[in-house]
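Input: a single structure, listed below in structure tokens.
Protein chains in written order, with full-length UniProt numbering: chain E, 1 to 370; chain F, 1 to 370.
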């Protein structure tokens, strides 16, 4: 089975590493001119001239990046199965569509308004109560195209800085922590759920994920399972889907956004779960039985960003698993991650602190359950 | 770090899969004309014309196959570090040298004789007491170049059939089981040991390995650790070394043979140990800290030979990890292996039987500890 992947970054690289043992082969289509997968057959196609050649090579198509032209993905679907479908991409790349879907399925979200003018932005800020966050409805990635309004009077400046015809304005949520749920749906409709992760972001970039959480009520996991199952079934989805949520002080969950792909907050599963998100995505899209999503042990994923730090010292930490992406160092760039496992969360936190101390750009690791 | 690998089969493939997360790149040199690694940069060089080009690409060299011309490896060592060294290859590819080393280091072996003529073979068979096994001193691989003598009178026919100028003749051992010990030595001399495995061979080909063993005395593991440490230190060895042994009814160990490389009886470590033999080999040869060799759980490696069986059904077994080599099916060919994990050996045996039932060519799984 030759699997075509749209995008050729570290997510594609890790998909391939999980897929070789399943006797899969990989062809990547990079549209940026800067592929970093470093594995498989990488086609660079910045002007869509080589699409036919790509499709000739592959038996099915998946993607590691959802900000793709929907028309392109639909054109591919005419020839070759694409999992997840173009419909998932269409919704996930538009925050207004995504929120409408959440609303329709009864998945709670922070209060929001859609605005198409600076005046409407000011009114929404007034109505929702500042601070609010305004985001372009499309092309959002890693915190870009956003602005925080501390006062309705900031509206004009925020409108100019985002520079987009349509924004979504969201009320701030008094959350205790950011969490995510990752689930996998097979071609036969079977669904499996990973234990939820607590995610620590700094400046909109994920830095740490811990799964399972030591203090998560089973009932909360079940609510999250229900939300993501509703999304998977509604979209007749095949593959890994990620839903990011806020957990409020009373334990309740509010959906933030979803990603139709393997996700950084699921990298812990590469060592910490019986079956990784990457292997389960590949099992799902090929119609193979899904693997066990249980955690082996409390696990923390530490992102290595900007600088590799001291990889040899990281490898000296017990049960530390380093996953480098073989990229050049550059400020703010995701270069690698480390999965740390320990029998208890207390021991895990000690390892996380030891690991963070070896990474010059790592923020102080702080979790809600400490 | 670009790592050059002599040989391009499934062991090289699995080395590469373990090495990409360490940001290693791989260049394979295949001298057979039939590489199967299916990954990395594969150079086919059946007449040693491309050796210089290979060496230009790589920072250090290792190998997945020890039946290489020693002169070739020595020539490489003049230019580029080779781990393990050519001295390990020289000894491991000659059973007489290997046995002499075991003798010198006080590592017990079955009684043996070296013979250079059919008459000497007959005398050795008489002296050791039949049955005996006669093997060519060089070029042994997976049970080829061997004959069993049930009577000294079989000597002339055995001599003709093996057709080699020098044989080693070994007394049969009344062993309870075949076992192996795998250890890793770093560039700084640090040594770590994997839990020993029980290995089930059929027709000289490994079919099952179980590690850890439920009934192995700690003292026996310590004796094996001592034997392999003596070999590692004597050879100033860097990387993974495998020592295959017989365990006699009284628990004692007799060394059979060693392999200066990652080994099929260590494949269980890919899922069953904290750090796999492949990653630890790469850590060792690059001078990185060695990883924890502890077992996570009782694990059984099931070799998939000749026919792939039903991979989808295998993936439906809980905590089953399939590692396919992406080769064409052919009788007797190693195509894949499955690692099965379970919390107890009793549950493990149930899974092994379920897995074997899905493989048309799998022999009945039987272990000494049942």
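C-beta: ideal position from N, C-alpha, C; glycine also.
Since this is a predicted model, take the numbers as computed values, not measurements.
Chain-ordered, the chain F residues with CB closer than 7 Å to the CB of residue 274 of chain E read 319.
Counted as a single uninterrupted DSSP element, the alpha helix (DSSP H) harbouring residue 277 of chain E occupies residues 277-285. Ranked by Cα distance from residue 275 of chain F, the first of F:288, F:295 and F:338 is F:295. At a beta-carbon threshold of 7 Å, the residues of chain E lying near residue 283 of chain F are 315, ordered along the chain. Look at residue 117 of chain F here: in three-state DSSP terms it is coil, with no helix or strand label.
DSSP places residue 331 of chain E outside any alpha helix (DSSP H), giving it a letter other than H or E. The beta carbon of residue 361 of chain F sits no closer than 9 Å to any beta carbon of chain E.
Sorting F:94, F:134, F:145 and F:329 by C-alpha distance to the C-alpha of residue 154 of chain F places F:134 at the top. If the five residues before and after residue 103 of chain F are omitted, its C-beta is found closer than 8 Å to the C-beta atoms of 109, all from its own chain and listed in chain order.
Residue 252 of chain F and residue 173 of chain F have their C-alpha atoms roughly 11 Å apart.
Bounds of the alpha helix (DSSP H) holding residue 99 of chain F are 95-104. Between residue 123 of chain F and the set F:159, F:100 and F:95, the nearest pair of CA atoms involves F:159. For the pair residue 68 of chain E and residue 86 of chain E, the Cα-to-Cα distance works out to about 9 Å. Per the coordinates, the alpha-carbon of residue 229 of chain F lies some 25 Å from the alpha-carbon of residue 168 of chain F. In this structure, E:279 is the residue among E:279, E:304 and E:114 with its C-alpha nearest to the C-alpha of residue 319 of chain F. Boundaries of the beta strand (DSSP E) around residue 323 of chain F: 320-324.
From the listed residues E:329, E:15, E:293 and E:89, the smallest Cα separation to residue 304 of chain E is found for E:329.
At a cut-off of 9 Å between C-beta atoms, residue 312 of chain E counts as an interface residue with respect to chain F.
Under the three-state reduction of DSSP output, residue 235 of chain F falls in the coil class, being neither helix nor strand. In this structure, residue 207 of chain E lies away from residue 239 of chain E, with their beta-carbon atoms at least 9 Å apart. When the Cα atoms are used, residue 190 of chain F and residue 198 of chain F turn out to be separated by approximately 25 Å.
For the 9 Å CB-CB criterion, residue 93 of chain F and residue 70 of chain F form a contact. DSSP, reduced to helix, strand and coil, places residue 4 of chain F within a strand of the structure shown. About 7 Å separates the Cβ atoms of residue 308 of chain F and residue 336 of chain F, confirming a contact at the 8 Å cut-off.
Residue 194 of chain F sits in coil when the DSSP states are folded into three classes, being neither helix nor strand.
For residue 146 of chain F, the enclosing beta strand (DSSP E) stretches over residues 146-149. Under DSSP, residue 340 of chain F forms a beta bridge with F:300 and F:320. For the C-beta of residue 326 of chain F, the chain E residues within less than 8 Å are, from N- to C-terminus, 20, 23 and 25.
Listed in chain order, the positions of the region 185-196 of chain E with a beta carbon within less than 8 Å of a beta carbon of chain F would be empty, since no residue qualifies.
Residues of chain E whose Cβ lies closer than 9 Å to the Cβ of residue 296 of chain F are, in chain order, 296 and 297. Close CB contacts of residue 267 of chain E within its chain, under the 6 Å cut and outside five residues either way in sequence, are with 301 and 337 (chain order). At a beta-carbon threshold of 7 Å, the residues of chain E lying near residue 289 of chain F are 312, 315 and 316, ordered along the chain.
Ranked by Cα distance from residue 331 of chain F, the options F:362, F:139 and F:312 are led by F:362. Assignment of residue 154 of chain F by DSSP, reduced to helix, strand and coil, places it in the helix class. Taking 8 Å as the upper bound for CB-CB distance, residue 36 of chain E and residue 8 of chain E are in contact here, some 7 Å apart.
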